[in-house]
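Chains Y and X are the protein sequences, given in the same order.
All you need for this note's numbering is the position in the first sequence, starting with 1, plus 175.
All you need for this note's numbering is the position in the second sequence, starting with 1, plus 24.
Notes to accompany the following structure.
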Amino acid sequence: MQEKSFSKIKKQNPVSIIVHSSNAIGINLAKILLEQGSKVILIDKFDAKSKDIISDLKKIGEVDFVDIGGLEDLMKNINRVDYLFYVQSEFLLENKTFTSKDFLEESNNLNLCLKVAQKYNAKSSLVTSISLNEKLAHYPDYKPSSYSSEELQRYSETLVAEYHDKSKTNVRIIRAGAILGKETNIENFESLNELFEDSVNSEAIKIAGEGLDIHYLIHLSDLIYGVLKLTFSSETNGEVISLCNNNEYSTLSVAYKLLELNPNATEIKFVPNQEKKKVLHDQYIPAPNAQEYGWKQKKSLEKSFAETLEVKYEKYNKKWEAPPMDESVYKQKLEEIRAQKTSKSKKKGNTSIVATPTGEIFSKAFKPFKNINPKEYLFSKNFLKTLALLILLFPLFYFLIYPVFSIGISSFAIQRNASELSKNLSNFNNENVKNNLVSLNKNVENINKSFGKLNWLFLLTQRTDIYKETSTLLYGLETGSEGLLTLAEGIEPLITYLDEFEPALSFEGETSVTTREYTGILRDLEKNSDQISESSYKISQALQSIEKIDKEVYPNFLQEKILEIQTATSPLKNDISDITQIVQFLPDTLGVDGRKRYLILLQNPGELRSTGGWISSYAILSFEGGQIRELKVDDVYNLDGELKNQGKFIEPPSDMEEALNVKLFGLSLSNWEPNFPDTAKEAKILVKEAGEASSIDGVITIDIYLLQDLLNQWGGINIPGERELITSENIYEKVFFLHGNFTPGQSQKATFLTKLADEVIRRIVSSNFEENSQVFNSLLRSLEKKNMLLHFNNINAQRYFSERGWAGELLAQKHNFAPAPVEWNWGANKANLFLEREQRINANILNMEEIEVEYSLTLKNNSTSETYPQGDYKNYLRLYLPKDAEISNVTGFNENTYSASYKKGFKVLEGWFDVPTSKVMDLEISYKLQNTESILREERDEIFLRTTIFKQPGTSDEDFLRIDITYPQTWAIVEEDNFDRARINLIKQTELDKERNINLVWERQ
Amino acid sequence: MTKSLKITLIILAFLTLGLFMHFDLFSGLPFVHNFYENSVLTVNTRRGIANIYIDGIDYGQTPTSISNLAQGGYTVELEKISENPETYEKESFYIELYRNTEAVIDIEIAPDGFKSGHILFYSPMPRTFNQEGAVSMRADINDYEVLINDERIDKDKIISYKLEPEEYDIKIMSEGYESLEFPAIVREGYDLNIRVYLLPIPISF
């Protein structure tokens, strides 16, 4: 080598020296360095075999070869060194023992190199062997000779350490693992080599002992990359580093890996350990792995093994189906081999297991775990740390994170659900309503459960009161939503019935439209009545809980929210109670057990009679199996005429005969009794007597105001055969004009009313929910205003209507205070259309036992002529007073003539109280009540007054009512029921558009 | 395993657990669902036996105890076995069962739709820090008197009426009706729902 050549090195090209370079490590290092533009000086003993390598390297870049004998000269002459790679490992592994001369020469060479490296501040690495270091670690069990490779390695490493410590030489010790790969020779690693040899040449891989001794392995390319990376890194200066795969491989795991690669051997055979080495793998702790300095293993163990096996097969000229060297294809091949091995016993024909797309996804997902040995991981510190962390985190999760997360999600879901629910309710979509309620219930339940888990928070902050009230609220909401869901399921048959109902009859006498009947649905509804009743109870329990919540424990902004909930849920109670009660009687009243017939009476309030007006027409409506099976509409005179024709002359009630001097009773006069159930009874008898129906199961009165209200809702309806639209304005004229011109036997009016009924029912059935809810509201208004009265034989139905004041009852227990006036227009005109009415009640409560009452009734007849329908109001008046009323004054009856009697628990004053055209007439009564038990009640220093002011059906909604109540000075009013208060007086002025309930409460002062 | 992977796995594990808990998915797991279907219904008909149908499915005859029922509402129909079946109506009761509770139907089916007896079932009550249970009672008539361990209690107050958890002797009386007496166990955290049916005393001429 020319000395000059070293002085001509370009500044930009680094100089790298590789000592002991004629091995796989040195050559591959040189290749890479040359490729990167470094000048490389290789130092070793070169022979004829090295020629090819030398010529190959020279093609790549600027390279010099120096025999190791000339190392001293080189080191003296060289004027620059950037990198020094002292690759001692292969040299040591190949020469197990040395002469003292060789030992000294090698140590001198290293010393010279380090000096130069120190001089030129070169980055240096000493590459030694892990396996030799491991042997030294087992001292004193293992004692190498003084000039052994182990001792030389120890000496070299100590020298390097001294250079670093004393002269700050930039140097590191890299201990390499057993090198695998094509260009390597594993024969230096005896036990590892035996495994590979067996796998190629034997049928079984023999393992001496238990096979637990550990191998530190690395692929050649990973080693080269590692040596370069570690040398270049300044972090590794002065460090001792193990350069091998981070996983430790036992002999047994190596053997299994080899079997997976389908070599000649097919099994593992354990043989006794003849050498009886006391080598315990866990005694040796290798130096920190190169991974800690950023090195990464790139070649998989499988590939390293495959390459090494290939070398072995070549050595013995044997054939082996080597896996392809492309990583991905290789892996796939390996998977196939694995699959074949595992399914060997099950494999049939040419089938094989291949990766599916899903498998690929899983494979990718679990990629991070592939390098984890579960057995090792389970007992590792890492796992225990993770486990401890999980155990610590779980209570935090369970008692805080999860409840808060769950409450948040559920609250959001409830909000969304509630708006959907109200939409579905208004669309009458029961299926969706049920789905909403299921979801609502589930979410409320979740909130309730989660809230329970947060109880510690309230204990800690000592706000158990908030916890208690909130729990009650959540309980109420959960129970309520459960109840609503149960209710929605229970009333499903009812919804189906209302949705699917189609009348079977065309009331004009045409053929049946449908044969559909609804017995099954009604039976289901009947069966569900207990479920509906349960749900109602549950809802009432829930509402009671919500009502009881003490808002005061909450902060102000929450108090408003609670109040909102209380206000929103409160009306449910009555609605649910209504549904529950209706379901109890609806199937029966719709004829689930057989035909049910109802008598409908059309009353004309223009000619006022006891229950609302003169009966002009009637209808018989029959239901069977939920289907309308019969509807007959006729004029009342036809039925009365039929009675006469049949020779049935029925006597009127005696008091009627006496009052009106009538001798013959008929349907048109059947509403003499002001208590509608009594009138209904009379009417039923008359209809049966006339042979119109074998039995009547209920009686309904309607008046023209109800029809007008319905027509107002619809804006009028077209009736076939009528030239004009029938509206609220012309219906009265149409119905009663026809009746005015009626002669028995005529059918003109009946035809009109039949068509009207037909159209009304058709309209209701074909209307959507919103339109029908308007109709429903009209009916409710009519019931409240007594434009419609109901009486049913079904006890539950009758009780339901009676409780709501829709049964037209006049009851002594209820109407127990003020007189109930019942008028009867006997003037054969419609004077009531021109009448104004005013009632004044002046009550003086003297004490708990005595009440003085002054009552006046003023009637003003606005008729301006005697011509029909106007005229004098010929009025037979009955005043129903409490039976114990001690009357002190009565004025106003015609000629002050009246009679008094006791009827149905009342004291009745009756006589003519006529009002001539354009006149105003007054009637006054004064009386004292000394039996006030049913009116006044005292409980715990509180005095309750309960009474009802009677409204005669058919009277105007605009009738004036004034009530003045004076009470003792020792009483203080607590609940004034919308009365105006003036010292010890209560005053109320109102229209008597419906019966007025009075509920007053005082406190004793 | 890298730290970030570990954290991701822990978060994922808790998220999965949270979702399972939130949507109650554990109840659908094999074996676990047994813990969710552990309600018991005992049905007895006094003075006679009856066929039992629960939600339309034949469950044999009284007396019987049906276990492993899931939480929820059931329609229990009792059809008295008699030589004159037309004398007796098929009685239908809606009962709600809650997890880990027992319900009792103990009824005498009398002719013409009359019945006597009681139904007991538990429902959860609002959570408190007190160890208490409650009783709610209702009857098929309005006027009746209630004695709990011989102490007269205003019937209108027996809606979630708080009691110590233990066994009580319940007695219901009403003029013109046969009295009823039966034991009932009040459980902590539960409202014991009692439905009572009283039989009118036949009038003899």
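Beta carbons are placed, not taken as given, at the ideal position from N, Cα and C, and that holds for glycine.
Under the three-state DSSP convention, the category residue i falls into
i        : result
D79(X)   : coil
V335(Y)  : helix
R770(Y)  : coil
W889(Y)  : helix
K598(Y)  : helix
T742(Y)  : helix
S948(Y)  : helix
N1022(Y) : strand
L1161(Y) : strand
H142(X)  : strand
I73(X)   : coil
R162(X)  : strand
F1068(Y) : coil
E205(X)  : strand
Y729(Y)  : coil
Straight-line gap, residue i to residue j (C-alpha atoms, nearest Å)
i        : j        : result
I1162(Y) : D167(X)  : 37 Å
I740(Y)  : I721(Y)  : 8 Å
L223(X)  : S140(X)  : 5 Å
R176(X)  : V170(X)  : 6 Å
P996(Y)  : S1101(Y) : 14 Å
A563(Y)  : L629(Y)  : 23 Å
I1124(Y) : S1131(Y) : 15 Å
Y261(Y)  : N439(Y)  : 38 Å
E309(Y)  : V415(Y)  : 14 Å
N607(Y)  : F587(Y)  : 19 Å
8 Å CB neighbourhood of residue i in its chain, flanking five on each side removed
i        : result
T1107(Y) : M1023, E1024, E1025, I1026
I894(Y)  : I901, F927, K930, L931, E934
Chain Y within 8 Å of residue i, Cβ atoms only
i       : result
S184(X) : yes
S116(X) : yes
T152(X) : yes
H142(X) : no
G200(X) : no
M161(X) : no
I131(X) : no
Neighbour flag for residue i against chain X, beta carbons, 8 Å
i        : result
L230(Y)  : The sequence shown places Ser at residue 230(Y), not Leu. No, S230(Y) does not count as interfacial toward chain X.
I584(Y)  : yes
T1042(Y) : no
T764(Y)  : no
Y468(Y)  : no
E727(Y)  : no
F273(Y)  : no
G695(Y)  : no
T639(Y)  : yes
S1038(Y) : no
Nonlocal neighbours in the same chain, by C-beta distance under 6 Å from residue i, ignoring five residues either side
i       : result
G137(X) : E113
S625(Y) : P578, S581, I582
S225(Y) : S197
L881(Y) : S957, N962, M963
S213(Y) : P189, S191
Nonlocal neighbours in the same chain, by C-beta distance under 7 Å from residue i, ignoring five residues either side
i       : result
L41(X)  : none
G658(Y) : S710, K713, I714, A717
R938(Y) : W889, I892
Original post:
At a cut of 8 Å, does the stretch 769-783 of chain Y reach the stretch 976-994 of chain Y through at least three beta carbon pairs?
Top reply: no
Subject >> Three or more C-beta pairs below 8 Å linking the stretch 701-710 of chain Y and the stretch 662-680 of chain Y >> reply: yes
Original post:
Between the stretch 343-357 of chain Y and the stretch 289-300 of chain Y, do at least 3 Cβ pairs fall closer than 8 Å?
Top reply: yes
Original post:
Okay, do the stretch 964-977 of chain Y and the stretch 998-1013 of chain Y touch, 3+ Cβ pairs below 8 Å being the bar?
Top reply: no
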